[in-house]
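J.: Residue numbers (our numbering): 817 to 1025.
Structure below; questions to follow.
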């Protein structure tokens, strides 16, 4: 925040003293409120994607940036996922079970909400392998794109890897913003080692052609 110094002694303070006070006042103060540390960065094309770093971990969307509409009666495979990189100075694991949600929004800002459910019990280990500093892994959300019965819109459908199915209805050709939200509040889960906690939001724009 920009600060303005007012000299109540009508110019009697030395110029050097005023300069020192200005430097001290403008210095950032340390954080002591316990809030999570969040940094966001964008590449040269500022509207293309956002990579987020929260509590010592980087989150970014990975996969196809150009999606091809299928021919009628067929499906298109879509490579999609969330890459997480450990940027801290210690080894940590990441909970993969019910920690990821997605939204799709078009160029007009209209949002498609994810739907789906789970009919089978989870069969996979919920926590990732322990990641050393600098190591990454991807939460896979590969999907299939197919035309709906109305012939005007498409459905994007995939699996969460734990017996659950998710999908979006209403996709059309154009630009879409794919947003991932990763959130975990459980610091210890079965495995006994440290598990990352916090909430991170990251997104990328794709073209459905």
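No residue lacks a Cβ here, since even glycine has one placed at the ideal position from N, Cα and C.
Is the beta carbon of residue 974 sitting closer than 8 Å to the one on residue 959?
T.: Translated into the one-based positions of the chain shown, residue 974 becomes position 158. Translated into the one-based positions of the chain shown, residue 959 becomes position 143. Yes, the Cβ-Cβ distance between residue 974 and residue 959 is below 8 Å.
J.: Mind pulling the alpha helix (DSSP H) runs of 4 or more residues that sit fully within the region 942–995?
T.: Within the region 942–995, no run of alpha helix (DSSP H) reaches 4 residues while sitting entirely inside it.
J.: Give me the Cβ distance between residue 898 and residue 877, rounded to the nearest whole Å; I'm assuming they're in contact under 8 Å.
T.: Looking up residue 898 in the chain shown gives position 82. Looking up residue 877 in the chain shown gives position 61. Contact flag correct, Cβ pair sits at about 6 Å.
J.: Once you ignore the five residues that flank residue 1015 on each side, which residues in its own chain have a CB closer than 6 Å to its CB?
T.: Working through the chain shown from its first residue, we reach residue 1015 at position 199. If we look at residue 1015 and ignore the five residues flanking it on each side, its Cβ neighbours are 999.
J.: Under the three-state reduction of DSSP, which class applies to residue 1004: helix, strand or coil?
T.: Against the chain shown, residue 1004 aligns to sequence position 188. In the structure shown, residue 1004 sits in coil (DSSP, three-state: anything other than H, G, I, E or B).
J.: Please work out which residues of its chain come closer than 8 Å, Cβ to Cβ, to residue 880, disregarding the five sequence neighbours upstream and downstream, and give them in chain order.
T.: In the chain shown, the residue the question calls residue 880 occupies position 64. Closer than 8 Å at Cβ, skipping near neighbours: 894, 895, 896, 1022.
J.: Name the residue from 883, 991, 1004 whose alpha carbon lies nearest to the alpha carbon of residue 911.
T.: If you number the chain shown from 1, residue 911 lands on position 95. Among 883, 991, 1004, the Cα nearest to that of residue 911 belongs to 1004.
J.: When burial is assigned at 16 or more other CB atoms within 10 Å of the CB, is residue 902 buried or exposed?
T.: Translated into positions along the chain shown, residue 902 becomes position 86. With 16 or more Cβ atoms within 10 Å of its Cβ, residue 902 is classed as buried.
J.: Could you check the C-alpha separation between residue 936 and residue 1009 for me, to the nearest Å?
T.: Stepping through the chain shown from its first residue, residue 936 is reached at position 120. Stepping through the chain shown from its first residue, residue 1009 is reached at position 193. Cα to Cα, residue 936 sits roughly 27 Å from residue 1009.
J.: Locate the beta strand (DSSP E) running through residue 931, then write down its first and last residues.
T.: Sequence index remark: in the chain shown, residue 931 carries index 115 (1-based). Note, residue 931: beta strand (DSSP E), 931–934.
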